[in-house]
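Chemist: Please see the structure below; I have some questions.
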Amino acid sequence: MSAQPNVDTEAWPESYGDEARPRMGFFTDTSVCIGCKACEVACKEWNQVPEDGLLFTGDSYDNTGGLGANTWRHVAFIEQDRPLRVGDGEDGDAFRWLMSSDVCKHCTHSACLDVCPTGAIIRTELGTVVVQEDVCNGCGYCVPACPFGVLDKREIEDDGRVWKCTLCYDRTREGMTPACAQACPTESIQYGPLDELRERAGARLDKVVADGFAGARLYGEDPTDGVGGFGAFFLLLDEPEVYGLPPNPVDTTHDLPEMWRSAAVAAGALAVGVAACLLGGRR
Amino acid sequence: MTERPTDGYYGRPIVKPPVWKDEIAWYLFAGGLAGGSSSLGLAARVTGNRALARSATFTAAAALTASPLLLIKDLGRPERFVNMLRVVKPSSPMNVGTWILTVAGTAAGATAACEATDVLPRVRALAQGVAGVLGPALATYTAVLISDTAVPVWHEARTELPLVFASGAAASAGAAAVILTPADSAGPARRMMLAGAVGELAATSVMERRLGELGEPYHTGKAGAFARAAKTATAAGAALGAFAGRRPAMGRLAAGLVFGGAVAERFAVFRAGSQSAEDPRYVVMSQRDRS
Chain G
1 MSAQPNVDTE
11 AWPESYGDEA
21 RPRMGFFTDT
31 SVCIGCKACE
41 VACKEWNQVP
51 EDGLLFTGDS
61 YDNTGGLGAN
71 TWRHVAFIEQ
81 DRPLRVGDGE
91 DGDAFRWLMS
101 SDVCKHCTHS
111 ACLDVCPTGA
121 IIRTELGTVV
131 VQEDVCNGCG
141 YCVPACPFGV
151 LDKREIEDDG
161 RVWKCTLCYD
171 RTREGMTPAC
181 AQACPTESIQ
191 YGPLDELRER
201 AGARLDKVVA
211 DGFAGARLYG
221 EDPTDGVGGF
231 GAFFLLLDEP
241 EVYGLPPNPV
251 DTTHDLPEMW
261 RSAAVAAGAL
271 AVGVAACLLG
281 GRR
Chain W
284 MTERPTDGYY
294 GRPIVKPPVW
304 KDEIAWYLFA
314 GGLAGGSSSL
324 GLAARVTGNR
334 ALARSATFTA
344 AAALTASPLL
354 LIKDLGRPER
364 FVNMLRVVKP
374 SSPMNVGTWI
384 LTVAGTAAGA
394 TAACEATDVL
404 PRVRALAQGV
414 AGVLGPALAT
424 YTAVLISDTA
434 VPVWHEARTE
444 LPLVFASGAA
454 ASAGAAAVIL
464 TPADSAGPAR
474 RMMLAGAVGE
484 LAATSVMERR
494 LGELGEPYHT
504 GKAGAFARAA
514 KTATAAGAAL
524 GAFAGRRPAM
534 GRLAAGLVFG
544 GAVAERFAVF
554 RAGSQSAEDP
564 RYVVMSQRDR
574 S
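The listed protein sequences derive, respectively, from chains G and W. According to my numbering, the stretch in the first sequence is residues 1 to 283, in order. According to my numbering, the stretch in the second sequence is residues 284 to 574, in order.
Quick look at the structure:
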């Protein structure tokens, strides 16, 4: 094994035995995103994702809104009255434009996968997280369980199931690059083995910081964070919440034993209470 | 440190609000009513209070007939509801709950069928035992189910929510039994209703206080309206119930208030979840506290 931190997930690689492949993921380097939305379009084309509303939001160039059942890549646009780099815009009209292509994080500890009552959500041999559309019964539990608001129910023509990014499972299992990464003209979206991407991201962050991007940080590369690190992580130029991302996400099932203990206490109190009520006679 | 914005990205939600419709709020209530009634039915049977055992048994069976129908109706693919039972998955409270519901529902149905037709007393005793023992689990697992999400007002209340649901279950099951049982056999139901109502008011107020600013949804919008209605009805019902004693008409009026209060409390919790997820401030607030 290399000196890389352990990023094993619950069902990968052990349960796949010989079929396990290196864990694959995305590194989205937002410092070179130009907001062209080629990723959004390529994703829709390849995965035949339905139309998600022709809206004019007025929120900069973002007319997509956010990830959901019918949007698996979402480019965020943020306009700030701040310099892009330290020392820029000292003439008083500092302005910068942040762009970032958001996607399912394919968490090491995936809340959606944990809470799914049917086993429809699985971990693939590539360590990615996929919803099996022939099993999902549309209970919707994964929707509020995801700390990033990635999954949603598709309400088109009685579909009723939950959909999200598959990390192009049909392409990646054949050794191909996912559609969004393939289409990205600036290599803002990079696909590859996760440990390689982490190394590359570390080097890139050093370069970006040295170039004067003061707010630059990696988001989701840390295997000790609340979801055990993301399979799809980011280089951001500001706080995560600026991009609509949670600052410190956790896999909610981390607290599940504690929740069952609280429920056991309450259930015990109810049982004792009922028994006590019967002791006082029937009138 | 610079000021971090709390309205995030154009004020859009960070986590997705639950997609569950009102059926699920009704189920949160029905599961509690069924669980409380099953246990009350068993306890009444053991202590020889036939009239009370009968009414609690029928209430449990009715609530457990409605429960799966409500749940299936809310599925995006109702015809695939049996997929819930294709695995046993301890990491999913909904899966665990479906198994509890399936066993408890079958047992409660069998109990009620035997009770109504007055046949197979041993089968009835066994089924009533199973349903009664599973009752508290049925009444509280839903609290685990909703706190096992990224919804701040639910996840951060994970210690108190089971107590809110358990006391609400006692209040509603007690109230239903007060309404349906002859007053001279309804003593235990009256006590259960009063204890449940007081417990519900206490647990709710502890939960809201412990949530602090995250508990704001319980004071605003629809969740706030439901929460106020719940407190008013439950408190009024408890007070009237204590005053009424064994007077049947007044007792039933009190029970109606407590019953309605328990319904409103589940709707308050349900709506608060949506309001909490819709506002990115709460997500950011809860996670900054954590870091």
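Heads up, the beta-carbon is just placed ideally off N, CA and C, and yes, glycines get one too.
1. So Tyr310(W) is in the alpha helix (DSSP H); what residue range does that whole segment cover?
2. Given a threshold of 16 other Cβ atoms within 10 Å of its Cβ, counted over all protein chains shown, does Val208(G) qualify as buried or as exposed?
3. Excluding sequence positions up to five away, which residues of its chain have a Cβ less than 8 Å from the Cβ of Leu55(G)?
4. Suppose you measure from the CA of Gln190(G) to the CA of Asp29(G); what does that come to, to the nearest Å?
5. Inspect the beta-carbon positions of Ser430(W) and Ala271(G) and report whether they are closer than 8 Å.
6. Less than 8 Å separating the beta-carbons of Phe234(G) and Gly212(G)?
7. Indicate whether at least one CB of chain G lies closer than 8 Å to the CB of Thr342(W).
8. From this set, Asn70(G), Arg217(G) and Ser15(G), which residue's C-alpha is nearest Glu45(G)'s C-alpha?
9. When you measure from the CB of Arg337(W) to every non-hydrogen atom of the ligand SAM, does any distance come out below 7 Å?
10. Closer than 9 Å, Cβ to Cβ, to anything on chain W: give me those residues from the segment 140-151 of chain G, in chain order.
11. Counting only C-beta atoms, is Trp303(W) closer than 8 Å to chain G at any point?
12. Of all Cβ atoms in chain W, is any one closer than 8 Å to the Cβ of Lys153(G)?
13. Going by Cα to Cα distance, which pick from Asp81(G), Gly231(G) and Ala20(G) is closest to Lys105(G)?
14. Can you list, in chain order, the residues of its chain whose CB lies under 8 Å from that of Glu443(W), leaving out five sequence neighbours each side?
15. If contacts are defined as beta-carbon pairs under 8 Å, then Phe448(W) and Asn137(G) qualify, I think. What distance do you get, rounded to the angstrom?
16. Quick check on this structure: which residue in His438(W), Pro500(W), Gly528(W) and Ala560(W) has the alpha carbon closest to the alpha carbon of His254(G)?
17. Nearest to Ala339(W) by CA position, among Ala522(W), Gly524(W), Pro465(W) and Tyr565(W), is which residue?
18. Examine the Cβ distances between the segment 535-546 of chain W and the segment 453-467 of chain W and report whether three or more of them are shorter than 8 Å.
19. For a contact defined as C-beta to C-beta under 7 Å, what are the partners of Pro223(G) on chain W?
20. Measure the alpha-carbon distance for Ala480(W) versus Tyr310(W) and round it to whole angstroms.
21. Strictly under 8 Å for the Cβ-Cβ distance: is His438(W) near chain A by that measure?
22. Assuming the contact rule is C-beta atoms closer than 8 Å, Ser101(G) and Ser188(G) should be a hit. Round their C-beta distance to whole Å, please.
23. Thinking C-beta only, is Thr224(G) closer than 8 Å to Met24(G)?
24. Tell me the DSSP secondary structure of Val227(G) in three-state form.
25. With a threshold of 8 Å between beta carbons, is Trp260(G) in contact with chain W?
26. Using 8 Å for Cβ pairs, my map puts Pro300(W) next to Ala560(W). What's the rounded Cβ distance?
27. In whole angstroms, what separates the C-alpha of Ala267(G) from that of Ala478(W)?
28. Within the continuous alpha helix (DSSP H) that includes Phe95(G), where are the two ends?
29. Select from Gly294(W), Ala326(W) and Ala345(W) the residue whose C-alpha is nearest the C-alpha of Gly315(W).
30. Under the assumption that Met367(W) contacts Pro144(G) (Cβ atoms under 8 Å), give the Cβ distance between them as a whole number of angstroms.
31. Counting only C-beta atoms, is Gly273(G) closer than 8 Å to chain W at any point?
32. Throw me the rounded Cβ distance for the Arg360(W) and Gly281(G) pair, which I believe falls under 8 Å.
33. For Gly58(G), tell me which candidate among Thr342(W), Ile355(W), Asp357(W) and Gly294(W) has the shortest Cα-Cα distance.
34. Given a cut-off of 8 Å, decide if Ala94(G) and Cys184(G) are closer than it, judged by their beta-carbon atoms.
35. Enumerate in chain order the residues of its own chain whose CB-to-CB distance from Leu484(W) is below 7 Å, with the five nearest sequence positions on each side excluded.
36. Which residues in chain W have a C-beta closer than 7 Å to the C-beta of Thr252(G)? List them in chain order.
Modeler: According to the structure shown:
1. Asp305 to Val329
2. buried
3. Asn63 and Gly65
4. 8 Å
5. no
6. no
7. no
8. Asn70(G)
9. Here there are no bound small molecules, and the ligand SAM is not part of this structure.
10. Gly140, Tyr141, Val143, Pro144, Ala145, Cys146, Pro147, Phe148, Gly149, Val150 and Leu151
11. yes
12. yes
13. Gly231(G)
14. Ala486, Val489, Met490 and Arg493
15. So it is not a contact: roughly 25 Å between Cβ atoms.
16. His438(W)
17. Pro465(W)
18. yes
19. Within 7 Å Cβ-Cβ: nothing; Pro223(G) doesn't reach chain W, min ~17 Å.
20. 19 Å
21. Given the protein chain composition of this structure (G and W), no chain A is represented.
22. 7 Å
23. no
24. coil
25. yes
26. 4 Å
27. 15 Å
28. Where Phe95(G) is concerned, there is no enclosing alpha helix (DSSP H), given that its DSSP letter is neither H nor E.
29. Ala345(W)
30. The pair is not a contact, with the Cβ atoms about 18 Å apart (cut-off 8 Å).
31. yes
32. With a Cβ gap of about 51 Å, Arg360(W) and Gly281(G) do not count as contacting.
33. Gly294(W)
34. no
35. Lys514, Thr517 and Ala518
36. Asp431, Thr432, Ala433 and His438
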